[in-house]
Amino acid sequence: MKRFIFILFALFGVVSYSKADITLKGIVVDAKTKELLPYTNILISSTEAYMTDDSGYFEFTVKENVDSIVFTFLGYKDEVLKQRFFSKDSITVKMKPDGYMLQEFVIQASKKVKTKDTVAIRIFRNVVAHKDDNRPKQYNNYQYEEYAKTVASLYNIKDKILKKKILKPFRFVIENMDSTENGVKYVPLILKESITEEYYQKKPDKSKSFVKASKISGIEQLRFSELLDIAFDEVDIYDNQTQVNGMTFLLPFANGGLTLYRYYLVDSVKNADSVWIYQLAFVAKSKSDLLFNGRAWIEDSSFAITKIDLSIDKRANLNFVNDFMLKQRFEEVENKGWFKVSEERSTNIAFTKRKKAKSVRIYRSISRKDIAIDTIFPDTIFSEVGVTNLPNYNRQKDSFWLASRHDSLTTSEGKVYFLIDSLKRTKFYKSMSTLGSFFSSGFYKMGKKQMLEVGNLYQLISWNDVEGVRLRVDFRNNWRMSEWIRFRTKLAYGTKDKRIKYGAEISSKLPDKKKRYHSIGASYSDDYQRFSLSPNDLEYDYIYNSLLRTQSITDLVYIKSANLFYYRQWLPNFNTRLSFNYKNYQTIPGKIEFIKTLDDGTVVNRNKFQIFSPSFTMRATPGAKFLQTARRERFVKGNLPRITLDYNFSLKGFISDFSYHKLELLIEERLPTPIGHSIIELRGFKLFGEAPYPLLHVLRGNQSFLYEKDRFTNMNEGEFIADQMISFLLEHHFNGFFFNKIPLIKKLGLREVFVTKMAVGSLDKSKVSFTDLPSTLNGLNGFYAEVGFAIENIAKLLRVDFSWRLTQKDKTDIKPFRVAFSFKPSF
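According to the numbering used here, the sequence shown is numbered sequentially starting from 34.
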């Protein structure tokens with residue numbers, strides 16, 4: 034009897050073992066067109082179902098006793114896969130269109146050209162046609178309260194990382210790790226919360242934000258709170274394009290969406306009001322293009338989007354982004370129209386696109402409540418546009434946040450403020466922070482309080498024909514010493530000219546009731562300078578300029594200069610600068626000399642001249658976003674054009690040897706297109722009066738191996754000069770649109786750039802006073818042009834430019850064709 038029981042259990046074990054799971058994988062396609070069908074429903078049983086991904090691919094396991102699987106897709110006949118066709122190899126499921134469900138709709142244009150649309154395309158066309166009706170900005174005005182939460186976390190942390198000695202000081206942070214539903218471990222490191230009251234008025238177009246509360250953990254430097262907000266572009270799903278990490282993406286409901294997207298009707302149901310809600314799926318035709326995959330839920334009566342989910346295919350030509358998710362939800366408000374009430378967005382940033390790669394995940398959620406449409410606002414609301422921080426906005430107590438948050442924090446998020454504050458007090462963190470700052474800024478923080486900095490690492494040593502080896506050291510203070518006063522000094526010495534050079538600058542912030550940046554400052558310098566550089570250019574003595582130059586510097590002069598300036602930001606995107614400048618130019622024997630040939634043929638060597646030149650600069654950048662650091666304003670992103678107008682003059686006899694007026698205008702534009710984006714620069718210059726040649730406009734050539742956008746690649750430095758000039762630059766970045774279509778090449782992630790640079794100008798030699806032109810410097814009396822193309826994103830870091838000169842090719846010392854390099858790491 035015992036032997037029988039043993040045999041029975043053994044047989045049961047064999048039978049149980051034979052019921053092994055079977056892994057099925059494959060694709061679902063249209064039987065006629067062979068198009069992949071994303072989001073196809075796969076029914077195993079009444080309680081078990083799957084769905085193909087956005088590429089029509091599936092992979093899952095089933096028990097051996099499953100005898101069939103049903104594939105369903107709206108508009109297609111159900112396809113039943115019998116067990117006998119189960120295979121360990123890849124399976125191709127072919128779906129046959131349902132003639133009734135996929136009836137065609139005829140759209141007749143004014144020229145009687147007929148096209149036939151599927152149900153999915155008909156819905157797409159209706160959403161596009163009703164865009165303006167469903168945008169919030171159709172309303173005369175509106176207001177709402179918004180709660181925003183941004184979390185930056187370190188993802189994919191392994192258990193073994195806890196055992197590393199170097200991370201021992203951080204162990205108390207790592208031990209507070211959390212896990213996602215999929216078991217991925219992460220540590221939230223930065224948390225930003227804000228509550229704002231938002232107002233919008235259509236006529237005239239104005240918007241206003243009142244920050245009621247704001248709170249952040251983490252780093253104080255560089256106003257990181259602002260940087261987190263700037264990192265997220267506002268996505269209007271009804272727009273044609275949007276930006277993700279600085280790259281332009283065509284949105285699924287763009288006017289030309291049918292060219293690059295495929296659309297599928299996945300499902301349709303009636304809501305509580307008996308209105309049909311369509312679930313429309315969309316995928317990129319080319320997986321490498323900068324497009325989205327996802328689904329939208331659309332109401333039939335208004336063709337408004339009620340919710341939408343977006344993602345980016347991992348094969349897209351986008352660097353460092355492992356994963357991207359955007360979800361928006363809309364509700365009808367006061368029976369007047371639809372309004373976005375919530376949004377979730379996350380980006381995983383890593384060096385590689387492996388699933389298990391360590392990454393930084395930035396997650397942001399917003400929710401809106403108390404939405405009011407077409408109400409009457411008090412006149413005081415728009416007395417000033419932009420953002421206003423209410424009193425004590427950054428000092429709200431925990432009790433306020435508990436009562437005011439639209440949603441509670443998770444357990445791990447609730448610990449962030451305490452953990453980061455504790456981490457910042459450790460010696461290891463302070464040391465690593467100092468070291469990282471040293472290599473990024475070039476300045477080393479000295480002393481226990483780290484209020485003074487010495488550097489610049491990248492200017493400590495350089496070399497040129499005039500000075501030989503140039504040694505330089507700078508000292509400056511930082512925000513730890515004062516938030517109101519900034520100063521910097523420099524000391525330099527050349528082993529060849531044996532001359533000590535020095536300089537100093539100081540600036541002070543001024544109080545401003547509207548919280549705009551407002552400052553005054555002064556500087557003095559006794560040093561060499563390049564007269565062809567603009568005020569925003571890097572100084573000539575960075576070590577990589579010495580390493581990468583092919584010829585000596587031709588426009589170096591010795592200048593004693595003093596400057597007094599007043600800067601004010603009047604609006605978030607409008608500022609002015611008033612300066613009073615004194616400069617004393619001196620010759621460099623054997624290099625730069627001021628020689629004048631008189632009418633009788635006599636040659637006079639003039640060793641110096643001086644000017645006193647007040648100047649006024651105005652800059653306007655509508656819609657752009659900036660990060661205001663302690664010493665300068667950095668353009669981060671945003672809409673252009675950016676307009677800069679500069680005017681300066683000099684009056685002879687008033688600490689100046691000459692009288693003239695100079696006017697310069699620069700217009701910069703960034704235009705997104707369905708296949709990339711264009712960068713356009715238009716510059717104009719005009720001199721009224723007479724001046725020495727260093728004060729005219731010397732066109733900026735390039736004799737370095739490095740490519741610089743603002744320099745003519747095939748023009749020599751100091752080759753052309755003008756007293757009036759207009760230049761034009763066009764760079765179109767295709768973002769891999771063509772390379773993505775070439776097999777094998779597309780895996781490299783290369784991107785194409787078309788470049789053209791041109792200028793037209795003239796030189797009236799009667800306006801060149803005091804000195805003759807050097808023999809190498811010629812007036813640009815006519816037209817100059819060059820064209821080229823570039824391959825960028827090589828190994829995600831490198832750009833190579835190939836450039837051809839089209840005009841003035843008869844000179845012997847020019848290069849009609851050049852290759853230049855630049856390091857351009859970008860998303």
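Beta carbons are placed, not taken as given, at the ideal position from N, Cα and C, and that holds for glycine. Since the model is a prediction, treat every value here as computed from it, not as a measurement.
Close CB contacts of Y591 within its chain, under the 7 Å cut and outside five residues either way in sequence, are with Y561, Q619, I621 (chain order). Pairwise C-beta distances place the segment 400-414 in contact with the segment 172-189, as three or more of them are shorter than 8 Å. Beyond the five residues adjoining it in sequence on each side, V793 comes within less than 6 Å, by CB distance, of I759, F816 in the same chain, given in chain order.
A Cβ-Cβ separation of about 7 Å places F627 in contact with P725 under the 8 Å criterion. If you look at S799, you'll find it isn't in any alpha helix (DSSP H); DSSP assigns it neither H nor E. Straight-line spacing of the CA atoms in L70 and T94 works out to 20 Å. When DSSP states are grouped into helix, strand and coil, P705 belongs to the strand group. DSSP links T650 through a beta bridge to R610, D679.
M748 counts as buried, since at least 16 other C-beta atoms from the protein chains shown sit within 10 angstroms of its C-beta. The continuous stretches of beta strand (DSSP E) do not include T292, which lies in the alpha helix (DSSP H) extending over residues 290-293. Between P807 and the set F850, R838, R505, E752, the nearest pair of CA atoms involves E752. Counting only runs of 3+ residues, the beta strand (DSSP E) found wholly inside the segment 318-364 occupies 326-332, 338-344, in chain order. The Cβ atoms of F384 and W371 do not sit closer than 7 Å to each other. Q429 is positioned such that its CB atom lies closer than 7 Å to that of A246.
In the three-state reduction of the DSSP assignment, S565 falls in the coil class, being assigned neither a helical nor a strand state.
Taking the CA atoms as reference points, L442 sits about 18 Å from T229.
Note on the segment 705-733: whole beta strand (DSSP E) runs with a minimum of 3 residues are 709-722, in chain order.
Rounded to the nearest angstrom, the gap between the Cα atoms of I688 and F645 is 6 Å. For N425, the closest alpha carbon among the candidates F243, K798, L698, P674 is that of F243. By the neighbour-count definition (other C-beta atoms within 10 Å, threshold 16), R387 is an exposed residue.
Every unbroken stretch of the beta strand (DSSP E) spanning 3 or more residues and falling wholly within the segment 810-849 is given here in chain order: 815-827, 831-838. Comparing C-alpha distances from L423 to each of L291, A162, S227 shows the shortest one belongs to S227. Straight across, the Cα-Cα distance linking R652 with N681 is about 15 Å. Residue range 152-162 is occupied by the alpha helix (DSSP H) that includes A162. The C-beta distance from S319 to K790 rounds to 31 Å, too long to fall under 8 Å, and the pair is not in contact. DSSP links K373 through a beta bridge to F363.
N773 carries a helical assignment under DSSP once its states are collapsed to helix, strand and coil. In the displayed model, E267 falls within coil according to three-state DSSP, outside both helix and strand.
Between T528 and F508, the C-beta spacing is not below 7 Å.
With 16 or more neighbouring CB atoms inside 10 Å of its own CB, T654 falls in the buried class. Two segments are said to touch when three or more pairs of C-beta atoms, one from each, lie closer than 8 Å; by this definition the segment 572-580 touches the segment 490-510. One Cα belongs to W837, the other to L762, and the distance between them is close to 15 Å. Judged by their CB atoms, L720 and K695 are nearer to each other than the 7 Å cut-off. K360 is not a Cβ neighbour of E332, given a cutoff of 7 Å.
In terms of Cβ geometry, H765 and T281 do not form a close pair [threshold 7 Å]. In this structure the segment 270-277 touches the segment 286-296; the number of beta carbon pairs closer than 8 Å is three or more.
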